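Undergrad:
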Amino acid sequence: LALKKNASTYLGVYLYHPTYETRPWSVDVSTHLKLVGTGNGGNREFELKKTFHNDCTIAGVDEFIRWSDLIDETKGFINDKEQITIEARLILSNIVGI
Numbered sequence: 111l112a113l114k115k116n117a118s119t120y121l122g123v124y125l126y127h128p129t130y131e132t133r134p135w136s137v138d139v140s141t142h143l144k145l146v147g148t149g150n151g152g153n154r155e156f157e158l159k160k161t162f163h164n165d166c167t168i169a170g171v172d173e174f175i176r177w178s179d180l181i182d183e184t185k186g187f188i189n190d191k192e193q194i195t196i197e198a199r200l201i202l203s204n205i206v207g208i
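Everything in the sequence shown is counted per my numbering, starting at 111 for the first residue and increasing by one.
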């Protein structure tokens, strides 16, 4: 799981498989991402389905949450230690060559 601040506006969340395999492989991935909130804003959730293979090793969402909403203490996403919690649930299927 990789996080990236995009153009100072949004937090992006990505799945990344660092592979250097030369032989063919693929795997279907169904992902549920959840930014855990403790305030009135609730949780932010996103579903992603992607087939990863030799030439496609990254997938995600560029605009998961507005940066200003993420750091707004009243929204409840950031704690007093300036940390966030993102849960990722992955289901792998149709695994070939791994």
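Glycine residues also receive a C-beta, built at the ideal position from the N, C-alpha and C atoms.
The structure presented is a predicted model; accordingly, all values stated were derived computationally and were not measured.
Taking C-alpha atoms, which residue in Val123, His127, His142 lies nearest to Trp135?
TA: His127
Undergrad: Contact defined as beta carbons within less than 8 Å: I believe Val123 pairs with Phe162. What is the distance between those atoms, to the nearest angstrom?
TA: The C-beta distance from Val123 to Phe162 rounds to 16 Å, too long to fall under 8 Å, and the pair is not in contact.
Undergrad: How big is the Cα-Cα spacing for Asp165 and Asp182?
TA: 38 Å
Undergrad: Determine the contact status of Ile196 and Ile188, defining contact as a CB-CB distance below 8 Å.
TA: no
Undergrad: Under the assumption that Val171 contacts Leu158 (Cβ atoms under 8 Å), give the Cβ distance between them as a whole number of angstroms.
TA: 7 Å
Undergrad: Could you tell me which of Leu125, Thr119, Tyr120 sits nearest to Thr167, measuring between CA atoms?
TA: Leu125
Undergrad: Which first and last residues belong to the alpha helix (DSSP H) in which Asp190 is found?
TA: Where Asp190 is concerned, there is no enclosing alpha helix (DSSP H), given that its DSSP letter is neither H nor E.
Undergrad: Might you give, ordered along the chain, the residues of its own chain that have their beta carbon closer than 6 Å to the beta carbon of Ile201, omitting 5 neighbours on each side?
TA: Ser140
Undergrad: Who are Lys114's beta bridge partners in DSSP?
TA: Gly122
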